[in-house]
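Structure, as structure tokens:
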Amino acid sequence: MEDKLAQAYDAERFRREGHQLIDMISDYLAEATTDRNEVRAIPWQDPDKQLAYWQQDFQQPLQENPNELFKDVLSKSIQVHRKRYMGHQTTPTLPVTILSSAVTALLNQGMGVYEMGMVGNTLEKILTEHLAQKLGYGTEASGFITSGGSLGNLTALLAARAAATEIWHKGYKEGIQLAVLVSEEAHYCIDRAARIMGLGAEGIIKVPVNEKFQMRTDLLEAYLQQAVSEGKQVISVIGCAGTTSTGSYDDLEAIAAFSQKHSIWFHVDGAHGAPAAFSPKYRHLIQGIEKADSVVVDYHKMMMTPSLSTALVFKRGSDAYKTFSQRAQYLWVEQESEEWYNGGKRSFECTKAMSALNVYTIFRTYGDEIFRENIERLYGLAADFASLIRSNKHFELAYEPECNIVCFRYKVEGELTPLNQAIRNMLLEQGRFYIVQTVLNGELYLRVSLMNPLTTIQELKELLQEIEEKAVQILAEV
Ligand SMILES: Cc1ncc(COP(=O)(O)O)c(C=O)c1O
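Take 11 as the starting number for the sequence shown in my numbering and just add one per residue.
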């Protein structure tokens, strides 16, 4: 073998570097949990400076040991394990999944056919059927794991279309206008999925929300009648559990009743909030989910799994086989048969990561209980944070939070959007806290997703204090 290849596959070299890396990661995790005051959740850097740094790095002589590179990457990246990371819905991955990820990378299973993912395909069946039971489905329910909520939602809508039309086989015929009914607060991937499917802007019927940012289900009938009168065929109604901006849970019982009455496919985007199924305390939020034809759940949001890992569960497991019916002679002989073990028959991907191992490892190590704890801890912390905000006259909540997403703003006389925007920019540049922003009813709010179970009310008190200091500073400069 040539020198470079022999060196690159040398097991002893790997052993040395691997041990060093594990020490480095362990130090990183230890520091994340102690969280010294000066440590930043985001080492913010301007994109052009970041680019210049890495362009220069790329020209450097070859490195002896990749750990130098990893150290650099760690120090320049947002750190989701920090207690003051409270931004987007990205989870601080459980340390055990860092180990399972290494095994996944080593095995590099293809997953499309059984031989190329014997364990992985089997784990997907076990995990999605377990999740189906938690969601309240019967024994017919089953699913698989796909690469992210966006792809999961697209796949579910393709299944809805396959149930209602023959477009997969015959293509669009002149004059057909398909449509979906969805809350105006749904994640943008639903809109994107509908456009990918050729529905266009006309086919995405956005149902207004109430003051809690939940779909106005009382308007569903009128919106459907309007769509029908315009010659549209509604192929799906989509419920959110919960929404991205505010974490609001739609009334799934009401949507289920509507979908049953009109025989319209009911899909639930539970990417963020469906894991409430693991908590007896919060289960009520998803009441009615068991009546949905399909549900998407991101393991990589509230279930502490590395990205990407999304369950797509069907009420009738056999529906999953209708989505992509194609011939691929080199992978499987018979397309129409339902072979759960040939993953590629139901998923968009051909080659796919064996992310099921990460999820399975968590279940086998900590059981359902860890998901109950995580949900209850984070949803409970958000309720405590909301009380803190309510008791401070300088702040106001945008709504009463239902889960771990809280939107609020600093409040004084005058224009609040530019002030809160300036506060958020200052926080980002300073980097001690990482929070984000969102626009609700045309006004900008600060947005916190409490994803880290190690975050305490203490960090949240500090956050409000920091915001007040920034606001005073900004107002003094005007
Ligand atoms: C409710 C909801 N659905 C779907 C998505 C998209 O999921 P993914 O980022 O896994 O593609 C998100 C992402 O934040 C989300 O919050």
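Virtual Cβ for every residue (Gly too), placed ideally from N, Cα, C.
Run of the beta strand (DSSP E) containing residue 393, from where it starts to where it stops: Note, residue 393: premise wrong, no beta strand (DSSP E); alpha helix (DSSP H) at 379–400.
Stretch-stretch touch, CB-based, cutoff 8 angstroms, three pairs: the region 372–390 with the region 306–318: Contact holds: three or more Cβ-Cβ distances are below 8 angstroms.
Validate contact between the region 425–436 and the region 62–74 using beta carbons, cut 8 angstroms, 3 pairs: Flag = no, the region 425–436 and the region 62–74 do not touch.
Residue 281 CB to nearest heavy atom of ligand 1 below 7 angstroms: Residue 281 Cβ: within cutoff of ligand 1.
Same chain, Cβ closer than 7 angstroms to residue 200, neighbours up to 5 away in sequence not counted: Closer than 7 angstroms at Cβ, skipping near neighbours: 163, 192, 248 and 279.
Collapsed DSSP secondary structure at residue 56 in the structure displayed: DSSP places residue 56 in coil when its eight states are reduced to three.
Under 8 angstroms between C-beta atoms of residue 259 and residue 412: For residue 259 and residue 412, yes; Cβs fall inside 8 angstroms.
Sheet register partners of residue 251 (DSSP bridge): In the DSSP assignment, residue 251 is bridged to 259.
Three-state class that DSSP yields for residue 348 in the structure shown: In this structure, residue 348 counts as coil in the three-state DSSP scheme.
4 or more residues per run - each alpha helix (DSSP H) lying fully within the region 65–97: If only uninterrupted alpha helix (DSSP H) runs of at least 4 residues are considered, those enclosed by the region 65–97 are 76–86.
Bridge partner(s) assigned by DSSP for residue 279: Beta-bridge analysis with DSSP links residue 279 to 250 and 306.
Residues that residue 144 bridges to, as DSSP identifies them: Paired residue(s): none; residue 144 is not in a bridge.
Proximal residues to residue 402 (C-beta, below 7 angstroms), its chain only, five neighbours per side dropped: Taken in chain order, the residues that qualify are 474.
Exposure of residue 102, with buried meaning 16 or more beta-carbon neighbours within 10 Å: Within 10 angstroms of the beta-carbon of residue 102 lie 16 or more other beta-carbons, which makes it buried.
heavy atom of ligand 1 below 7 angstroms from residue 44 C-beta: Residue 44 Cβ: outside cutoff for every heavy atom of ligand 1.
Spatially closest choice to residue 153 from 160, 139, 165 and 143, by CA coordinates: Distances from the CA of residue 153 to each of 160, 139, 165 and 143 were compared; the closest alpha carbon is that of 139.
Backbone secondary structure at residue 225 - three-state DSSP: Three-state result, residue 225: strand.
Residue 197 CB to nearest heavy atom of ligand 1 below 7 angstroms: Flag set: Cβ of residue 197 near ligand 1.
Among 469, 482 and 462, the one whose alpha carbon lies nearest that of residue 90: Closest option to residue 90, judged by alpha-carbon separation, among 469, 482 and 462: 462.
Supposed contact pair residue 420 and residue 429 - C-beta distance, whole angstroms, cut 8 angstroms: The C-beta distance from residue 429 to residue 420 rounds to 6 angstroms, short enough to meet the 8 angstroms contact threshold.
Rounded Cβ spacing between residue 327 and residue 131 (contact assumed at less than 8 angstroms): Distance from residue 327 to residue 131 at the Cβ level is roughly 14 angstroms; contact not present, criterion being Cβ atoms closer than 8 angstroms.
Residue 60 versus residue 448 - alpha carbon distance: Roughly 25 angstroms between the two C-alpha positions.
Contact under 8 angstroms by Cβ, residue 388 with residue 96: No, the pair does not count as a contact, with Cβ atoms beyond the cut-off.
Rounded C-alpha distance that separates residue 436 from residue 41: If you take the alpha carbons of residue 436 and residue 41, they lie about 24 angstroms apart.
Inter-residue spacing [alpha-carbon to alpha-carbon] between residue 214 and residue 171: So the two alpha carbons sit approximately 14 angstroms from each other.
Paired residues, beta bridge with residue 406 - DSSP: Under the DSSP definition of a beta bridge, residue 406 partners with 419.
Residue range of the beta strand (DSSP E) that includes residue 44: Careful: residue 44 lies outside any beta strand (DSSP E), inside the alpha helix (DSSP H) at 21–44.
Alpha carbon of residue 287 to alpha carbon of residue 74, nearest angstrom: Going by the C-alpha atoms only, they are around 48 angstroms apart.
Continuous beta strand (DSSP E) stretch holding residue 187: start and end: First-last of the beta strand (DSSP E) with residue 187: 187–193.
Sub-8 angstroms separation of residue 298 and residue 266 beta-carbons: Note that the C-beta distance between residue 298 and residue 266 is below 8 angstroms.
Any non-hydrogen atom of ligand 1 closer than 7 angstroms to residue 160 Cβ: Flag set: Cβ of residue 160 near ligand 1.
Proximity test, residue 163 beta-carbon vs ligand 1 heavy atom, cut-off 7 angstroms: Yes, since a heavy atom of ligand 1 falls inside the 7 angstroms radius drawn around the Cβ of residue 163.
Test item: CB-CB of residue 323 and residue 142 under 8 angstroms: The answer is yes: Cβ separation under 8 angstroms.
Validate contact between the region 109–122 and the region 357–366 using beta carbons, cut 8 angstroms, 3 pairs: With the cut-off at 8 angstroms, the region 109–122 and the region 357–366 touch.
Residue 308 beta carbon near ligand 1 (any heavy atom closer than 7 angstroms): In this structure, ligand 1 has a non-hydrogen atom nearer than 7 angstroms to the beta-carbon of residue 308.
Identity of the residues DSSP links to residue 367 by a beta bridge: By DSSP's assignment, residue 367 forms no beta bridge with any residue.
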